[in-house]
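Beneath this line is the structure, given in structure tokens, with notes to follow.
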Amino acid sequence: MHYCMLNLFPFQIKVWLALNIAKGYNECMNHFSHAEKIKKGFALSKDITKQYATTYYFASLFLPRQIRPPVYALYTVCRISDECVDNNSPEAMQEALTKIKDSIASAYTQQECANEILCAFKDVVERYQIPKAYFDELLRGITMDLTRRRYESFNELYRYCYRVAGVVGLLMLKIFGCQDLRAQEYAVKLGVAMQLTNIVRDVKEDYAKGRIYLPQDELMQYRVSEADIAHATLTQELKALLQFQIKRARQFYEDSLNGITMIKGMRIRLVIILMAALYARILNVIERARYNVFARRARVGLTEKLLLVAFSLVRLIMYQIGNNPRAGNHHR
158 MHYCMLNLFP FQIKVWLALN IAKGYNECMN HFSHAEKIKK GFALSKDITK QYATTYYFAS
218 LFLPRQIRPP VYALYTVCRI SDECVDNNSP EAMQEALTKI KDSIASAYTQ QECANEILCA
278 FKDVVERYQI PKAYFDELLR GITMDLTRRR YESFNELYRY CYRVAGVVGL LMLKIFGCQD
338 LRAQEYAVKL GVAMQLTNIV RDVKEDYAKG RIYLPQDELM QYRVSEADIA HATLTQELKA
398 LLQFQIKRAR QFYEDSLNGI TMIKGMRIRL VIILMAALYA RILNVIERAR YNVFARRARV
458 GLTEKLLLVA FSLVRLIMYQ IGNNPRAGNH HR
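Per this note's numbering, residue 158 is the first one in the sequence shown, and the count goes up by one each step.
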């Protein structure tokens, strides 16, 4: 089976083929050199990123060409890992997650990689010296989706967000070649901000999977019941709660960009600013819909994305000349 044929399948089938390859495919893989497997793995990772992470892919086009493939390879493994817990059967989810853990662990050994994606992934973790502890933490966060359906407080939710998104920021720092340890705090903040944005946007979809990420104590504080979410009832109380969540996410975006000057390279700085702007704009879309997160999924259109590129360039220039624009000003 050629790797391009994976594009014929829905994502979860593609995941299964990528990480639990049939014996015949493994035998076919043996005809390729290690370098060819890595190259094909990067190509497949790019295809998956382009198809399933349009905003992420759009921003990545502004990165230096040589670091795009590693970014796609890491995204693909993170995405595949996350998809494991969105299966139907708890047993199937646990089995898939176990396979993911074993696959990631194998990249840190001398054993030959099982497929193209893992070959590319192994190349990245070796070349950029990415600690396995980062992926251990990521997998702990993903495992929380198997064991937890509710979060009592924001402190509990933050731990989850750190693991599934903040750690991704740390991974990107490795690819970007950032040696300044102070930047880690800000990379985590950006990841958490993006995850908080996803939580606000995906209230309806998450409830359909049996999950409510909005902290229970805040639901109680704003007098929002689970029945409101279950029945897609947009009460004034729920609007107020979503306003609060959006304000919190924006604060994380603002704080995250305080570390932008610790990043070397104009293009990398631009992409970080752009990623923050693109995801923060989702919050604007929700506001324009009057907080109706039940009617349709909030998306940022291409025209708006292009405008945000221009906005991000202006902000980059302001940082370069020594000004420190507020990260949240663009939402006004």
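Cβ atoms here follow ideal geometry from the backbone N, Cα and C, with glycine treated the same way.
Exposed or buried, what is residue i when buried is set at 16 or more other beta-carbons lying within 10 Å of its beta-carbon?
i	result
Leu303	exposed
Thr255	exposed
Lys194	buried
Arg454	exposed
Leu395	buried
Met377	exposed
Thr390	exposed
Thr392	exposed
Glu184	Bear in mind that a pLDDT of 45 at Glu184, under 50, signals an unreliable position, so the number given afterwards is only what the model happens to contain. By the 10 Å Cβ count, Glu184 comes out exposed.
Leu459	exposed
Asn312	exposed
Val471	exposed
Arg426	buried
Met329	buried
Met475	exposed
Ala179	With a pLDDT of 36 at Ala179, under the threshold of 50, the modelled position of this residue cannot be trusted, and the question is left open.
Arg478	Sequence inspection shows Ile at residue 478; the Arg mentioned does not correspond to that position. Burial call: exposed.
Gly181	At Gly181, the pLDDT of 38 sits below 50, so the modelled position is not reliable; the number obtained from the coordinates is stated separately. It counts as exposed.
Ser202	buried
Met158	Its pLDDT being 37, under 50, Met158 is placed unreliably by the model, and the measurement read from it follows with that caveat. With fewer than 16 other Cβ atoms within 10 Å, it is exposed.
Leu163	Residue placement at Leu163 is flagged as unreliable, the pLDDT there being 41, under the threshold of 50; a coordinate-derived value is accordingly withheld.
Pro288	exposed
Ser358	Checking the sequence, you will find Arg at residue 358 rather than Ser. Buried, because 16 or more other Cβ atoms sit within 10 Å of the Cβ of Arg358.
Taking residue i and residue j to be in contact with their CB atoms under 8 Å, please state how far apart those CB atoms are, rounded to whole angstroms.
i	j	result
Asn415	Tyr343	6 Å
Asp374	Ser310	5 Å
Val381	Cys235	Between Cys235 and Val381 the Cβ distance is about 31 Å, and since that is not below 8 Å, they are no contact.
Thr212	Val457	7 Å
Ala120	Ala406	Absent from the model: residue 120. The displayed extent of the chain is 158 to 489, so no value can be given.
Ala440	Ile403	Ala is not the amino acid found at residue 440; the sequence shown has Leu there. Leu440 to Ile403, Cβ: 5 Å. Contact.
Leu465	Leu435	6 Å
Tyr370	Ala397	Not a contact, Cβ separation roughly 17 Å.
Met327	Ser238	The question names Met, yet the displayed sequence has Leu at residue 327. Actually they are not in contact, since the Cβ atoms of Leu327 and Ser238 sit about 15 Å apart, beyond 8 Å.
Ala264	Val242	Not really, about 21 Å apart at Cβ, beyond 8 Å.
In the DSSP assignment, find the alpha helix (DSSP H) that holds residue i and state where it starts and stops.
i	result
Leu338	First-last for Leu338: undefined, no H or E at that position.
Ala216	Thr211 to Ser217
Phe311	Phe311 to Cys318
Ile474	Leu459 to Gln477
Cys235	Arg225 to Glu240
Tyr436	Met423 to Arg445
Ile420	Careful: Ile420 lies outside any alpha helix (DSSP H) and carries neither H nor E.
Gly323	That residue, Gly323, is in no alpha helix (DSSP H); it is neither H nor E in DSSP.
Cys221	Residue 221 is actually Pro in this sequence, not Cys. Segment: none, Pro221 is in no alpha helix (DSSP H) and carries neither H nor E.
Thr300	Lys289 to Thr304
Glu394	Gln393 to Ser413
Ser260	Pro247 to Ser263
Val360	Val360 to Ala365
Val450	It is not in any alpha helix (DSSP H) - Val450 carries neither H nor E in the DSSP assignment.
Asp385	Glu383 to Ala387
Ala277	Glu273 to Arg284
Ala374	According to the sequence as given, residue 374 is Asp; it is not Ala. Per DSSP, Asp374 belongs to the alpha helix (DSSP H) from Gln373 to Gln378.
Legend entry - Cβ contact check for the region 353 to 369 and the region 403 to 410: 3 or more pairs under 8 Å: The region 353 to 369 makes contact with the region 403 to 410, as at least three CB pairs between them are under 8 Å.
Legend entry - Any 3 or more C-beta pairs closer than 8 Å across the region 359 to 370 and the region 327 to 345: Using a Cβ-Cβ distance cut-off of 8 Å, the region 359 to 370 and the region 327 to 345 are not in contact, since fewer than three pairs of beta carbons, one from each stretch, lie closer than that value.
Inset, instruction - Assess, as a yes-or-no matter, whether the region 208 to 224 is touched by the region 256 to 274 under the definition of 3 or more beta carbon pairs within less than 8 Å. - result: Verdict: no, contact absent.
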